[in-house]
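First up is the structure itself, then whatever we jot down about it.
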Amino acid sequence: MNDPADMIDAEGLIEAMVEIVGPEWVLYDPEETRAYASDALTAYREIPRVVVLPNGEEEIVAIVNICQQRQIPIVPRGAGTGLSGGARPIREGVVLSLARMNRILALDPEAAIAILEPGVRNLAISEAAFPHGLFYAPDPSSQIACTIGGNVNENAGGVHCLKYGLTLHNVLQVRGILSSGEVFECGGQTPDSPGLDLLPLLIGSEGMLMIVTEVTVRLLPRPTHAKVVMASFDSIETCAHAVAAIISSSLIPAGLEMMDQAATRAVEDYVHAGYDCEAAAILLVESDGSKTEVDEEIAEIKEILLLNGSRSLVVSETEEERQRIWSGRKNAFPAAGRVAPEYYCMDGTVPRRQMAPLLAHIAQLEKHYRLRCMNVFHAGDGNMHPLILFDGKIMGEWARAEAFGNAILEKCIELGGTVTGEHGVGVEKLDSLCLQFTDAEREVFHALKKVFDPLRILNPDKGIPSLRRCVEHGRKRVDAQKRLPTNLEHF
Amino acid sequence: MKLEEKIPRRAEVEDLLARCVQCGFCNATCPTYLATGLELEGPRGRIGLIKSMVEGHAVSEKTQHHLDRCLTCLNCETSCPSGVEYRRIIDIGRAWMKDCIPRGIGSHLPRVMLSKMMAHPIGLGLGFRVGRWFKYLLPSAFRPYLHPPRRLNLALSPATETLRTVLLLQGCVQRHLAPAINQALSDVLVKLGYRVVEIRHADCCGAVGHHLGDSETAKAQAKKTMRALHPYLLDPTLQGDQAPIIVMTSSACGLMLKDFEALYQEDLEMAEDAKRIHQCALDPLELIERHVSAIRHRIDHAGIKGLSLKIHEPCTLQHGLKLKGRLAALFSSLGFEVSQGVAPHLCCGAGGVYSLMNPEMAQSLREEKRRHLGLEGQGDAIALTSNIGCMLHLDSKGEVVHWIEFLQGLFKEGR
Ligand SMILES: Cc1cc2nc3c(=O)[nH]c(=O)nc-3n(C[C@H](O)[C@H](O)[C@H](O)COP(=O)(O)OP(=O)(O)OC[C@H]3O[C@@H](n4cnc5c(N)ncnc54)[C@H](O)[C@@H]3O)c2cc1C
Ligand code: SF4
Ligand code: SF4
Numbered sequence: 001m002n003d004p005a006d007m008i009d010a011e012g013l014i015e016a017m018v019e020i021v022g023p024e025w026v027l028y029d030p031e032e033t034r035a036y037a038s039d040a041l042t043a044y045r046e047i048p049r050v051v052v053l054p055n056g057e058e059e060i061v062a063i064v065n066i067c068q069q070r071q072i073p074i075v076p077r078g079a080g081t082g083l084s085g086g087a088r089p090i091r092e093g094v095v096l097s098l099a100r101m102n103r104i105l106a107l108d109p110e111a112a113i114a115i116l117e118p119g120v121r122n123l124a125i126s127e128a129a130f131p132h133g134l135f136y137a138p139d140p141s142s143q144i145a146c147t148i149g150g151n152v153n154e155n156a157g158g159v160h161c162l163k164y165g166l167t168l169h170n171v172l173q174v175r176g177i178l179s180s181g182e183v184f185e186c187g188g189q190t191p192d193s194p195g196l197d198l199l200p201l202l203i204g205s206e207g208m209l210m211i212v213t214e215v216t217v218r219l220l221p222r223p224t225h226a227k228v229v230m231a232s233f234d235s236i237e238t239c240a241h242a243v244a245a246i247i248s249s250s251l252i253p254a255g256l257e258m259m260d261q262a263a264t265r266a267v268e269d270y271v272h273a274g275y276d277c278e279a280a281a282i283l284l285v286e287s288d289g290s291k292t293e294v295d296e297e298i299a300e301i302k303e304i305l306l307l308n309g310s311r312s313l314v315v316s317e318t319e320e321e322r323q324r325i326w327s328g329r330k331n332a333f334p335a336a337g338r339v340a341p342e343y344y345c346m347d348g349t350v351p352r353r354q355m356a357p358l359l360a361h362i363a364q365l366e367k368h369y370r371l372r373c374m375n376v377f378h379a380g381d382g383n384m385h386p387l388i389l390f391d392g393k394i395m396g397e398w399a400r401a402e403a404f405g406n407a408i409l410e411k412c413i414e415l416g417g418t419v420t421g422e423h424g425v426g427v428e429k430l431d432s433l434c435l436q437f438t439d440a441e442r443e444v445f446h447a448l449k450k451v452f453d454p455l456r457i458l459n460p461d462k463g464i465p466s467l468r469r470c471v472e473h474g475r476k477r478v479d480a481q482k483r484l485p486t487n488l489e490h491f
Numbered sequence: 001m002k003l004e005e006k007i008p009r010r011a012e013v014e015d016l017l018a019r020c021v022q023c024g025f026c027n028a029t030c031p032t033y034l035a036t037g038l039e040l041e042g043p044r045g046r047i048g049l050i051k052s053m054v055e056g057h058a059v060s061e062k063t064q065h066h067l068d069r070c071l072t073c074l075n076c077e078t079s080c081p082s083g084v085e086y087r088r089i090i091d092i093g094r095a096w097m098k099d100c101i102p103r104g105i106g107s108h109l110p111r112v113m114l115s116k117m118m119a120h121p122i123g124l125g126l127g128f129r130v131g132r133w134f135k136y137l138l139p140s141a142f143r144p145y146l147h148p149p150r151r152l153n154l155a156l157s158p159a160t161e162t163l164r165t166v167l168l169l170q171g172c173v174q175r176h177l178a179p180a181i182n183q184a185l186s187d188v189l190v191k192l193g194y195r196v197v198e199i200r201h202a203d204c205c206g207a208v209g210h211h212l213g214d215s216e217t218a219k220a221q222a223k224k225t226m227r228a229l230h231p232y233l234l235d236p237t238l239q240g241d242q243a244p245i246i247v248m249t250s251s252a253c254g255l256m257l258k259d260f261e262a263l264y265q266e267d268l269e270m271a272e273d274a275k276r277i278h279q280c281a282l283d284p285l286e287l288i289e290r291h292v293s294a295i296r297h298r299i300d301h302a303g304i305k306g307l308s309l310k311i312h313e314p315c316t317l318q319h320g321l322k323l324k325g326r327l328a329a330l331f332s333s334l335g336f337e338v339s340q341g342v343a344p345h346l347c348c349g350a351g352g353v354y355s356l357m358n359p360e361m362a363q364s365l366r367e368e369k370r371r372h373l374g375l376e377g378q379g380d381a382i383a384l385t386s387n388i389g390c391m392l393h394l395d396s397k398g399e400v401v402h403w404i405e406f407l408q409g410l411f412k413e414g415r
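Taken in sequence, the protein lines are chains A and B. Residue numbering for the first sequence follows the numbering used here, beginning at 1 and increasing consecutively. Residue numbering for the second sequence follows the numbering used here, beginning at 1 and increasing consecutively.
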């Protein structure tokens, strides 16, 4: 039998990769590469030509050099938990998995920093910091599995980001390989480093600017106490109103999450978090700190919630109870898998006062598209995650789900929000970005991309939509009178 | 090679697969993914491979290899927020594999031998004895299984009051390698007032064959076990609240008993018994837990002062039977200070007969587990476990023991 390697390796690409990382760490047979066809957004799939798993910066440099010489696109991949197709392969390209590079290189409890390889799992950082009384604050729901490299590239957030900030606020330094094969470092361990501050540019760059090989994060003292209040509301409007009341008080809760009834019912079935499934919406509000701080803050939170229409309240009494209450929220996405064969998770943001109107609109869209939608969101910053439930096996359902999702995002923009809160653009939101940004804005994005990656080999078709794409989709925001620039390259 | 058009249990597996939303959470606790970083060596990838088979894509030895490397530790079931029943998926996948990819003799022979050997207890006993003489000629992975049997001879104390009837299935490997374990359970149960009936002619429950994807042998063995239990299930004195309790001291076998129901759901003749067995089967832990206060007064803690007590909960116990944390809880409620070490959720690498088939992976997981349990350090440590496979795999000088044997040794003279 012919070795499939011979058939598809006309250019000797596989051979070159094998030389760098060894045969065990190069996959090319579709039987195996199919496992890398998508990230957690499974609707977008593509089988890559090669998957390679390097171990160490030198190997990455060698891989990038080969790809650069041959103009072969590279798609970096962490744990593949992304929800916007950022790690979805390109057919002619290489998937570069960072999963083997999962060592914690240093953890300095005194400086409260950790230096990590990109494949270290988010939760593993806090586990390693635990004995020192420290933790890594950003806690996406996927924290058990997602990697710090993926977090940096998506600027991941989580339930505790209201108080402790997003990935951006907790990363001090990033090191990586540019498409030229050069090592590039930015940020520093001191609060302010000289030169232009490029760190915020790299954080959230979705693998389009460089391959991250090392991340230095800030660790924080682990709060000794934490409690969560679960409040029930009879209507979404009162719930949204209570959120506004909390935010406008002097409090900064450690977490502020809202779930609608469809969501509480879906998770309660198996997590048994003790949610009030009769309520139209529930709110989870967390306080952490010292014991007195927590007790005072919880009393204040309770008062505000009761004043603002909460019909009943539960406060966690033990750590187990607190964990149980949160486990429902943290498992909300996959729980959708229990009520429907597939779900499409949206990630839009609206100003907080627009949450209730948006939810009312979504309820109408449910009827229009004949699909159910459950809603969970980081209420503190207006970041919504509507989960549209569908069955891909039924003809036309995926198309309806996609249209439903786009309609939600359009509404977000109309209400003064954005099309992505924390899951990134990837391939999923490309069309929506045409609405969000003007030509001039997108031109700046493309120019920046070109500085970092002139050959356009790093995750080239993601993140920023080309002008052509926007025109084809009839979704351009610029008005028709303006002349379309014709010299913009197609990314 | 392609799976035929009409694949068995297709609808069932499609339903099982539909639950998986590919979030990848499960990879984070999968020992083989953690060791390699390969998507194909994690549950999400393995589920994908099986899905490919359903979709009609060609499969080869590569798929077979990745499915073989799964420890069936079921850590992925515990981590999965969508409730994916990985165990059923992998069982079906492995059975298909057997039908569509012929194995080379090197991989086929030991599998068939292991699977069939379990069906012949006399041969098995002989095999162990002969194996012990020639142990240095055999692959090193087999050696832990060839130690002389541990024996402890105990006089049974008479029962005080008779509680329910316990049917104690003797199992296969364990009967030859560590007969004292069954004896210890029997002894403790009698002390607590149970009527213990030892079922000797049942042999292997089928777990080994089941693991290896040899569902025919597994079914034949399971049938033999069910036949041995059948008279008791019919016994008019053992009905209603007097229904027998069926136990096996190895949690892997206990899990298999629970599986009988699924295995025989479509077999009109066996389904009824299989269901009863499913209902009556308990892990010894669930039984002993009921008597914590009685046991507390009758055991002697003095003898083990200064000993550090580690608990290793086998995957079959925590992820399979879903009794996570209960073994540790039992001993701490009996007044011991126990530790489960770092990462107690991870597999020790024994995985039934896995350690014989994949010695390298098994060995590296073993070393990691011993380190995590603190068995490599200074001082006396004893690790308690609930499964013969894990016990032999982890042990180096008799410091890893079955918890029931340990507990029995603590009973005060005459109590
Ligand atoms: C159930 C579920 C819940 C989730 N909850 C949250 C949440 O609460 N908050 C949140 O923010 N996100 C959430 N996510 C999304 C996802 O987990 C995050 O985006 C995460 O940061 C992705 O990490 P990853 O390691 O899986 O990266 P991947 O998905 O593998 O990659 C993500 C992107 O980063 C790039 N990339 C990865 N590693 C590197 C590297 N080393 N160098 C360069 N580029 C790289 C990839 O090319 C891709 O564009 C959730 C996902 C799921 C499935
Ligand atoms: S098995 Fe469960 S945890 Fe794993 S990918 Fe599927 S849904 Fe997620
Ligand atoms: S059973 Fe264990 S080894 Fe197999 S996929 Fe699940 S976690 Fe991994």
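Every residue gets a Cβ at the ideal spot worked out from N, C-alpha and C, and that includes glycine.
Item                                                                                                                                                            : Value
Three Cβ pairs or more, each shorter than 8 Å: is that satisfied between the segment 292 to 300 of chain B and the segment 356 to 376 of chain B?               : no
Under 8 Å between beta-carbons, which chain B residues line up against ILE144(A)? List them in chain order, please.                                             : PHE25, ALA28, THR29 and SER79
Would you mind telling me which residues of chain B sit closer than 7 Å to ASN331(A), beta carbon to beta carbon, in chain order?                               : PRO81
Give a yes or no on whether the C-beta atoms belonging to SER251(B) and PRO179(B) are separated by under 9 Å.                                                   : no
Would the beta-carbon of ARG352(A) fall within 9 Å of that of ILE247(A)?                                                                                        : yes
Does DSSP classify SER466(A) as helix, strand or coil?                                                                                                          : coil
When you measure from the CB of CYS23(B) to every non-hydrogen atom of ligand 1, does any distance come out below 8 Å?                                          : yes
Residues of the segment 53 to 68 of chain B in Cβ contact with chain A at a cutoff of 9 Å, in chain order, please.                                              : HIS57, ALA58, VAL59, SER60, LYS62, THR63 and HIS66
Looking at ARG311(A) and ligand 3, is the gap between the Cβ and the nearest heavy atom below 8 Å?                                                              : no
Taking the straight line between their C-alpha atoms, what separation do you get for ARG88(A) and HIS132(A)?                                                    : 38 Å
Tell me whether TYR194(B) counts as near ligand 2, meaning its Cβ is closer than 8 Å to at least one heavy atom of that ligand.                                 : no
Just verifying my parser: in three-state terms, what is the DSSP assignment at THR292(A)?                                                                       : helix
Let me know the secondary structure DSSP gives LEU394(B) once reduced to three states.                                                                          : helix
Give the straight-line distance between the Cα atoms of ALA328(B) and GLY86(A), rounded to the nearest whole angstrom.                                          : 43 Å
How about the segment 345 to 359 of chain B and the segment 269 to 281 of chain B: do they share at least three Cβ pairs that are nearer than 8 Å?              : no
Between GLU367(B) and chain A, is any beta-carbon pair separated by less than 9 Å?                                                                              : no
Mind reading off the beta-carbon distance from VAL228(A) to LEU284(A)? Whole number of angstroms is fine, and I expect it under 8 Å.                            : 6 Å
State the start and end residues of the unbroken alpha helix (DSSP H) segment that holds GLN143(A).                                                             : Unbroken run through GLN143(A): none, as it is neither H nor E.
Taking the beta strand (DSSP E) that MET258(A) falls in, what are its first and last residues?                                                                  : 255 to 260
Return yes when the Cβ of LEU394(B) is within less than 9 Å of the Cβ of ARG371(B), no when it is not.                                                          : no
CB-CB under 7 Å to ARG322(A), same chain, minus the five flanking residues each way: which ones, in chain order?                                                : ALA226, LYS227, VAL228 and SER316
So, is SER250(A) buried or exposed, given that buried needs 16 or more other C-beta atoms within 10 angstroms?                                                  : exposed
Suppose you measure from the CA of THR238(A) to the CA of ASN155(A); what does that come to, to the nearest Å?                                                  : 31 Å
According to DSSP, is HIS402(B) part of a helix, a strand, or is it coil?                                                                                       : strand
Please compile the residues from chain B whose C-beta is within a distance smaller than 7 Å of the C-beta of ASP29(A).                                          : LYS62
Determine the direct distance from the alpha carbon of PHE411(B) to that of THR160(B), and round the result to whole angstroms.                                 : For THR160(B), the predicted structure reports a pLDDT of 44, less than 50, and the residue's modelled location is therefore unreliable. A value from the coordinates is still provided. Rounded to the nearest angstrom, the two C-alpha atoms are 15 Å apart.
Determine, for GLY119(A), whether the minimum Cβ-Cβ distance to residues of chain B falls below 9 Å.                                                            : yes
Taking all protein chains shown into account, decide if ARG151(B) is buried (16 or more other Cβ within 10 angstroms of its Cβ) or exposed.                     : Only weak support exists for where ARG151(B) lies, its pLDDT of 41 falling under 50; the coordinates are left without a value.
Among the residues of its own chain, which have a CB less than 7 Å from the CB of VAL419(A), if the five just before and after it don't count?                  : GLY348, LEU409, CYS412, ILE413, LYS429, SER432, LEU433 and GLN436
Determine the closest residue to LEU346(B) out of VAL190(B), GLU77(B), GLY45(B) and HIS201(B), with distance taken between C-alpha atoms.                       : GLU77(B)
Return the Cβ separation of GLY56(A) and ILE74(A) in integer angstroms, given the expectation that the two are a contact with Cβ distance under 8 Å.            : Contact flag wrong, Cβ pair sits at about 16 Å.
Nearest-angstrom Cα distance between THR264(A) and HIS402(B)?                                                                                                   : 42 Å
Just how far apart, CA to CA, sit CYS67(A) and LEU34(B)?                                                                                                        : 28 Å
Determine the chain B residues that contact ALA335(A) at a beta-carbon separation under 8 Å, and present them in chain order.                                   : PRO81 and SER82
When the Cα atoms are used, what is the spatial distance from GLU46(A) to ALA37(A)?                                                                             : 5 Å
Closer than 7 Å by C-beta to VAL152(A): which residues in its own chain qualify, once you throw out the five before and the five after it? Chain order, please. : THR167, VAL171, VAL174, ILE203, VAL212 and VAL215
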